[in-house]
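Structure record follows, encoded as structure tokens.
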Amino acid sequence: MHEKVLNLLETGKVDIFLGYKMMAGHPLPHAFGRHNPVEVQEMILGPARYPLEKLAVEILAARPDLKIGILARDCNRRALNVLTVHQQVAPGQVQVLEVSCCPSPLQRHADCSSLEAKEFGAGKKEIGIDNNLTPDRLEAMEPTERFSRWMYEFQKCLKCYGCRDICPVCFCRECSLEHEDLIGTGDLPPEVPIFHLVRAVHMAGRCIDCGLCEDACPVDIPLRLLYRKVNELVADLFDYKTGLSLEQPPFSLLFDKTAQPAAAPHGA
Amino acid sequence: MYKLVPSVCSYCGTGCGVLFKVLDGKLLGTLPLKTHPVNEGKLCIKGWNLHEFVNSPLRLKAPLIRINGRFAKVTWDRAIRYTAEKFREVMSQHGPDSVGFLASAKITNEDNYLIQKFARAVVGTNNVDHCARL
Ligand code: SF4
Ligand code: SF4
Ligand code: SF4
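Those protein sequence lines, which keep their order, are chains E and R.
Numbering-wise (the numbering used here), the first sequence opens with residue 40 and increments by one.
Numbering-wise (the numbering used here), the second sequence opens with residue 11 and increments by one.
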């Protein structure tokens, strides 16, 4: 792995390689460069997960002259496919070094936060939704009960926008979640359930089920479960396999005006 | 060229771990530090936008003193000397309880300890408060 990264850097195939390194006692994403080849030996594969492909696209928006490589688990790879299909990055513009995140104990794999069942308190079990549920298990519930449980989850929202900000496939320049006519300003919780349903609809054909949104949600709303259901519909009704290939157009029910080619981030 | 710099949120006393995205010396954005024991990869909306005040053109980068009705940039030495003189002046006329100390959520416990010690032992007042009560 280290040799491959060194090779990419030294042959000039990439200028920056985004991987992980222990810093200040934390496994942090880190940009390795050719100026410091010794440091590449310190590269680790995890266990923390960050949206490296999102960082790469942000860097390229400000510095299109750079060539970037990333360490990619399956989720990073799928996200990069979605970003490519949506023309946020050109095919092959980001070099990928695939790392296996197979959960078998037989191999030293990069742990994935989404492979561990999360523990929740009694209150959430009583009136909320267990984030570990699957869409079918949730659908086995009475519709009224399911509705009230979702509403309980949604009204906890702090409107931190963390779900959007961490999401590798949220790249719109104008976000509907900040649209004044759609989502009122100045109140908490935000318009429930509109806020969450707007995001859910926008995740159709985009969400690659990385679970980073749910990891970032301070109030443990089962966001991933919600988007999983949305993408089950996308797969069943439209036979669209989000993030699985580059050979498909962006998924769109209507003409999608929100998706535009990447621009430099604000203030850059 | 591109760096990810771990730090601590400077907005409130919770002290969430953050990661700054820095490109060519300029702050591009903020991420939650996923393994930080305080926030475990989560932030509030202020933390997520921490980079904004750093880049704000309205940010004060030097102390200001009002001279002839207008604010002027001065050195820290001058600002501290000026403040000390004014404190002395007020205290010599009205006693130590005429001044107060407002500590901060954005500094360390040790700094907060020093502020109250300074207020009580050096100045001689119990007028110590904290921005978390505002
Ligand atoms: S799981 Fe969440 S963060 Fe990941 S792609 Fe889907 S919506 Fe975005
Ligand atoms: S991360 Fe959770 S609390 Fe924050 S805006 Fe999204 S749903 Fe709401
Ligand atoms: S992210 Fe929010 S809660 Fe955390 S320290 Fe900053 S202001 Fe406080």
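By construction, the Cβ of each residue, glycine as well, lies at the ideal position given by its N, Cα and C atoms.
Check, Outcome
"Proximity below 8 Å, CB of GLY201 of chain E to CB of CYS246 of chain E", "no"
"Interface residues of the region 26–55 of chain R facing chain E [CB-CB below 9 Å]", "GLY27, LEU29, LYS31, LEU33, ASP34, LYS36, LEU37, LEU38, GLY39, THR40, LEU41, PRO42, LEU43, LYS44, THR45, HIS46, ASN49, GLU50, GLY51, LYS52, LEU53, CYS54, ILE55"
"Classification of ARG112 of chain E by the beta-carbon crowding that lies within 10 angstroms, buried from 16 upward", "buried"
"Where the region 57–80 of chain E meets chain R: residues whose CB sits under 7 Å from a CB there", "MET62, ALA63, HIS65, PRO66, LEU67, PRO68, HIS69, ALA70, GLY72"
"Beta-bridge pairing of PRO66 of chain E - partner residues as DSSP gives them", "E:MET61"
"TYR200 of chain E Cβ short of 7 Å to ligand 2 heavy atom set", "yes"
"Bounding residues of the beta strand (DSSP E) (the contiguous stretch that carries LYS31 of chain R)", "27–33"
"LEU264 of chain E: CB within 7 Å of a non-hydrogen atom of ligand 2", "no"
"Alpha-carbon spacing of LEU262 of chain E relative to ALA115 of chain R, whole angstroms", "32 Å"
"Exposure label - PHE277 of chain E; buried when at least 16 CB within 10 Å", "exposed"
"Counterpart residues of THR224 of chain E in DSSP-defined beta bridges", "According to DSSP, which records beta bridges pairwise, THR224 of chain E is partnered with nothing at all."
"CA-to-CA distance, VAL64 of chain R to ARG76 of chain R, given in whole angstroms", "24 Å"
"Where TYR12 of chain R meets chain E, residues with beta-carbon distance less than 7 Å", "ILE55, ALA70, ILE98"
"Cβ-based contacts, 9 Å cut-off: residues of the region 192–205 of chain E near chain R", "LEU197, LYS198, CYS199, TYR200, GLY201, ASP204, ILE205"
"Within-8 Å CB hit, ALA101 of chain E to chain R", "yes"
"Local Cβ density within 10 Å of TYR123 of chain R, reported as buried at 16 or more and exposed below that", "exposed"
"Backbone CA spacing between ASP259 of chain E and ASP248 of chain E [nearest angstrom]", "16 Å"
"Contacting positions in the region 238–259 of chain E - beta carbon closer than 8 Å to chain C", "Any reference to chain C falls outside this structure, whose protein chains are E and R."
"Presumed contact (8 Å Cβ cut-off) between VAL32 of chain R and LEU43 of chain R, rounded CB distance", "About 15 Å separates the two Cβ atoms, so there is no contact after all."
"beta-carbon VAL128 of chain E near ligand 1 non-hydrogen atom, thresh 7 Å", "no"
"Close Cβ partners of GLY134 of chain R (< 6 Å) along its chain, the five nearest in sequence each way excluded", "PRO106"
"Validate contact between the region 235–244 of chain E and the region 203–222 of chain E using beta carbons, cut 8 Å, 3 pairs", "yes"
"Selection from R:CYS141, R:TYR12, R:PHE30 that minimises the alpha carbon distance to GLU62 of chain R", "R:PHE30"
"Member of R:VAL15, R:VAL138, R:LEU37 whose CA lies at the smallest distance from the CA of PRO66 of chain E", "R:VAL15"
"Chain E contact for PRO16 of chain R (CB, 8 Å cutoff)", "yes"
"LYS43 of chain E: first and last residue of the uninterrupted alpha helix (DSSP H) it sits in", "41–49"
"Residue-level contact to chain R via CB, ALA161 of chain E, 8 Å cutoff", "no"
"ALA239 of chain E beta carbon near ligand 2 (any heavy atom closer than 7 Å)", "no"
"Spatial distance of LYS296 of chain E from CYS211 of chain E (CA atoms)", "Because the pLDDT at LYS296 of chain E is just 48, under 50, the model does not fix this residue reliably, and the point stays unresolved."
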